[in-house]
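Note sheet for the following structure.
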Amino acid sequence: MEYSTTTWRIHNIKKYTKRSALLKVLIESIGHQDFTLSFKDHKRLAILITKEEELPTIMFRNTELDIRKQKKEERDVKDIVTPLNGLSYEEQLKKKAKEFSACYSFLECTEDQIVSIASPVQMGYRNKCEFTFGVTHEGKEILGFRPTKFSSAPNLVADPKECVFNTPEEMLALVEKINQYLSSKSGHVFNRVTKEGFLRLLLLRRLGEHFITILQVNCESVKEAMGNPLIMEFIEILPEDVFISCTTGVFDGIARTADIYQVKGTPKEYKVNVGECVFQVFPLGFFQINSGVAELMIKTLKDNIQTDNILDICCGSGLLGICLAKNTEKKVIGLEISEESINDAKRNAEENQINAKYYCGSVEKTLPLVLAKIKGQATAVIDPPRSGISDKMTKAITKYSNISEIFYISCSYTSVINNIKNIAKIYTLKNVYCFDMFPYTTGIECLFHFVRKENPEAQSEVVTENPQENTAQEVESEKAQEPSQEDAVSEKVQESAPETESAKHQEVAPETASANTPL
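In our numbering, the protein residues as written are 61 to 579.
Written as structure tokens, this is what we have:
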């Protein structure tokens, strides 16, 4: 099977061009559909990936298309996965702190306000890694990491054996075993241009005492996959527990919402300990990839929270709030837009015997309901998606003087600058804790601690009685062994088109489609 490809950029696409029209001309001119086109309606630039190294002159709307061959930019895979592998760990921490300070110079932080916290485990710290099936430059089928962009070489993959800085030994050992198996095979690996082959991706995950394998194959259904003797033979070399994900789509990843089916091992609950708490985590469920740093962050929050009321905003499955309330008298109220996440949070609260309340709906509508029931001051802990929260939500949180402090968590501090600027209008920054969640990479997890100003510039509001918009439906989540306590409730506010708050680390499909797959 031929895996080599050439990437082209089409530069002179006319205004108001539809993908379907451009696709039709390309198929007619190239003479087949075995290529990949990345183009959205009305854009002026397209990416074309073909098997051919040369293309004919292609006319579109009486104009010759300006199609240019794109240079292949390739680096050592370990430098892509862990770009700071050439620095000592102390140098990495200094570099990250310096870059953070430069980005947030407007906060005018003193050296004492920025606290760098190292990872307890610095090598092989990831508990989840996703590997890609592809081919080497020599055409050898292999499982590994991409050494270049998808658009540059969609089938090119490099051996990950040198990626020891963040990839656990047990995962690298399994990849090596798989590559030994593939060395004597041909046609097993999925070709992202011709759509031949069946092995697409492999996700490996350590959840407590369990090691999970999720295999993505190029099949329409699990029935088709299990009817393929080559796939079943491959599964035999994998350790328990093995799940299959089937897709023939263009997204080169395994979405958290993907359907998976267990094909090896016995069904079981996967539980992970975080401090004194235990949580059930599903095979594709979100969980921090560096468990040790996650525990340090929870400890830092516990040590610094000044009130007895914790508002766990964008609470997801409730992990943060539950851990903060364990073995304390603090009350936790979780706000989340996803009903499925609320149900997970309720289950986790019961498992850990925490008397938490959960409200399902937008923050703008649920927060007044929550604050009306709280006596005294509250602490807001915000753990938003990577891109942060909307200005509307920021305003909804900062306008109430009942909220005396805010802890804002970000895994991408360059993406949330506007959020921090808006909060800083009403609150004073006390500290920023820079957790090295991702050693040997440029990433850090930041925890901003704000306290409310005495006389903030913007107007503030205190909720002292029940608001008028009492459209919520209350549902339960009570403390497991204290039935006499007030039932924990989840308020579901009916609304149209709410803003999403729960898409933490959400997978986004690339703007890529095969020639015969319309967008």
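In this text, a Cβ means the ideal position worked out from N, Cα and C, and glycines have one as well.
Return yes when the Cβ of residue j is within less than 8 Å of the Cβ of residue i, no when it is not.
| i | j | result |
| --- | --- | --- |
| Y493 | I466 | no |
| S89 | I118 | yes |
| V277 | C306 | yes |
| I174 | K237 | no |
| C375 | E396 | yes |
| L384 | K391 | no |
| V249 | G199 | no |
| D126 | N215 | no |
| G287 | N226 | no |
| K490 | V476 | no |
| L105 | W68 | no |
| A440 | I504 | no |
| L431 | Y419 | no |
Assuming residue i is part of the alpha helix (DSSP H), what are its boundary residues?
| i | result |
| --- | --- |
| Y185 | Looking at the DSSP string, Y185 is not in any alpha helix (DSSP H), and its letter there is neither H nor E. |
| S161 | Y149 to C163 |
| E293 | P289 to E296 |
| G325 | Where G325 is concerned, there is no enclosing alpha helix (DSSP H), given that its DSSP letter is neither H nor E. |
| E400 | E399 to E411 |
| K425 | V423 to L431 |
| C383 | L379 to A385 |
| T142 | Per DSSP, T142 belongs to no alpha helix (DSSP H) and is neither H nor E. |
| D451 | D451 to T458 |
| D363 | S351 to N364 |
Excluding sequence positions up to five away, which residues of its chain have a Cβ less than 8 Å from the Cβ of residue i?
| i | result |
| --- | --- |
| Q152 | L144, D496, P499 and Y500 |
| F205 | V137, I140, V141, F191, T192, V217, A218, P220 and C223 |
| I320 | I274, F303, I304, S305, P343 and L344 |
For residue i, which residues from the same chain have a beta carbon less than 6 Å from its beta carbon, with the 5 sequence-adjacent residues on both sides left out?
| i | result |
| --- | --- |
| L267 | Y330, V332 and V341 |
| S556 | Its pLDDT being 30, under 50, S556 is placed unreliably in this model, and the value from its coordinates should be taken loosely. Nothing listed; no residue qualifies. |
| I469 | D443 and L507 |
| I272 | R265, D301 and P343 |
Alpha carbon to alpha carbon, how far is residue i from residue j?
| i | j | result |
| --- | --- | --- |
| A338 | G394 | Reading off the sequence, residue 338 comes out as Val, not Ala. Going by the C-alpha atoms only, they are around 18 Å apart. |
| L261 | T96 | 19 Å |
| T110 | L290 | 28 Å |
| P444 | E293 | 42 Å |
| H565 | S422 | Any reading at H565 needs caution, since the residue's pLDDT is 39, under 50, leaving its predicted position unreliable; the model's value is listed next. Spanning the two alpha carbons is a distance of roughly 19 Å. |
| F210 | N251 | 12 Å |
| H102 | T77 | 5 Å |
| C169 | K485 | 15 Å |
| I402 | S377 | 6 Å |
| L379 | L371 | 13 Å |
| T502 | S447 | 17 Å |
| Y449 | Q413 | For the record, residue 449 in the displayed sequence is Ile; it is not Tyr. Cα to Cα, the separation comes out at about 30 Å. |
| F160 | Y473 | 8 Å |
| T123 | K74 | 9 Å |
Could you tell me whether the Cβ of residue i comes closer than 8 Å to any Cβ of chain B?
| i | result |
| --- | --- |
| N122 | Judged by its chain identifiers, the structure shown contains no chain B, having just a single protein chain. |
I'd like to confirm the pairing. Which residues does DSSP put opposite residue i in its beta bridges?
| i | result |
| --- | --- |
| N215 | Bridge partners of N215: none, in fact. |
| Q276 | L261 and S305 |
| K331 | Q340 |
| E190 | L263 |
| K126 | One point to set straight first is that residue 126 is Asp, not Lys, in the sequence displayed. According to DSSP, D126 bridges with nothing at all. |
Just reading off the beta strand (DSSP E) that residue i is part of, what are its end residues?
| i | result |
| --- | --- |
| N93 | Residue identity differs from the one stated: residue 93 is Gln in this sequence, not Asn. No beta strand (DSSP E) holds Q93; DSSP gives it neither H nor E. |
| I393 | K391 to E396 |
| I107 | A106 to T110 |
Can you list, in chain order, the residues of its chain with a C-beta nearer than 7 Å to that of residue i? Leave out the 5 residues immediately preceding and following it.
| i | result |
| --- | --- |
| E113 | T66 |
| E546 | Residue placement at E546 is poorly supported in this model, since its pLDDT is 30, which falls under 50; the coordinates still yield a value, given next. Same-chain partners within the cutoff: there are none. |
| G325 | E300, D301 and V302 |
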